[in-house]
Amino acid sequence: MKLFRLPCQMISSEEIENASKVFSLSIPTLMKYQRSFEQHVNSDVIRNYLSIVTEPFKDIYTNSNVCGFSPVGQEWEVCFPATSPISVNVSSCGNPYILINLNLFPNLPFNERILSLGHENVHLKQMEEGRLIINGSKVLWEGDDWSERYIEAQKKLVLENHQELYRALPWEVEAYAFEEKLRDELR
Ligand SMILES: [Zn+2]
Numbered sequence: 001m002k003l004f005r006l007p008c009q010m011i012s013s014e015e016i017e018n019a020s021k022v023f024s025l026s027i028p029t030l031m032k033y034q035r036s037f038e039q040h041v042n043s044d045v046i047r048n049y050l051s052i053v054t055e056p057f058k059d060i061y062t063n064s065n066v067c068g069f070s071p072v073g074q075e076w077e078v079c080f081p082a083t084s085p086i087s088v089n090v091s092s093c094g095n096p097y098i099l100i101n102l103n104l105f106p107n108l109p110f111n112e113r114i115l116s117l118g119h120e121n122v123h124l125k126q127m128e129e130g131r132l133i134i135n136g137s138k139v140l141w142e143g144d145d146w147s148e149r150y151i152e153a154q155k156k157l158v159l160e161n162h163q164e165l166y167r168a169l170p171w172e173v174e175a176y177a178f179e180e181k182l183r184d185e186l187r
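Spelled out as structure tokens, the structure:
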């Protein structure tokens, strides 16, 4: 795994307006949160801890970019699902990276950590192959516009911890199928 330094995000006005609707936060507040998030992710404390946490997996997922964050007690905590230990994000320069929640991920059993890294790695591959394109709130899957369904599913997930819509998104169906296959192999 490669520790990824998150660049300063140049967020489009469309993207920030959508986020403002999703989280019911003003645009200046969201921008303040974004800058604070970037500083936090790139801080020495977080990067050191992340390198310890990812050490056991570094030879399995050698080329995957990874960032870490510790949302508990941060102002921007509300913008992330409270129960998600790991996810894939895209920087505004178009680099996909795995984002590890350092408050949750290290507490998972070893097998769960392998499985969730495998799941997110499927998404990285989908993005590298151009099948999945996430550009802020715009989402294209194999050429079809899934933006509205994605925003709706994300809203349900973040605000109500409702996973059904999210898991039915086609790129998630693929990642969950891979996870299940891996789970059988680990048994
Ligand atoms: Zn997924």
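Per the numbering used here, the sequence shown starts with residue 1, numbered consecutively.
In this text, a Cβ means the ideal position worked out from N, Cα and C, and glycines have one as well.
All of these numbers come straight from a predicted model, not from anything done at the bench.
Beta-carbon separation of residue i and residue j under 8 Å?
i: E63; j: N95; result: The question names Glu, but residue 63 in the sequence shown is Asn. No, these two residues do not count as a Cβ contact at 8 Å.
i: F4; j: Y97; result: yes
i: G118; j: L182; result: yes
i: P7; j: V53; result: no
i: E179; j: L115; result: yes
i: V158; j: H123; result: no
i: S70; j: N103; result: yes
i: L132; j: Y150; result: no
i: V90; j: I134; result: yes
Please name the residue, chosen from the options, that lies closest to residue i on a Cα-to-Cα basis.
i: G68; options: E77, I86, E55 and K58; result: I86
i: C93; options: E160, T29, Q9 and Q34; result: Q9
i: W171; options: W141, V158, R149 and K2; result: W141
i: K2; options: P81, M127, D145 and D59; result: D59
i: N161; options: S24, P81 and Y150; result: P81
i: R187; options: F110, P28, L25 and T83; result: F110
i: I11; options: I27, F57 and V22; result: I27
i: I100; options: A175, R47 and G143; result: R47
i: E126; options: D44, R113 and A175; result: Sequence check: residue 126 is Gln here, not Glu. Closest option to Q126, Cα to Cα, is A175.
Going along the chain, which residues put their C-beta within less than 5 Å of some heavy atom in ligand 1?
E172 and A175
Could you say if the stretch 72 to 82 and the stretch 23 to 41 meet the contact criterion of at least three C-beta pairs nearer than 8 Å?
yes
Could you tell me whether the stretch 151 to 169 touches the stretch 38 to 47, using the rule of 3 or more Cβ pairs below 8 Å?
no
Quick check on the DSSP output: what are the complete alpha helix (DSSP H) runs of length 4 or more inside the stretch 98 to 184, in order along the chain?
110 to 128, 147 to 160 and 164 to 167
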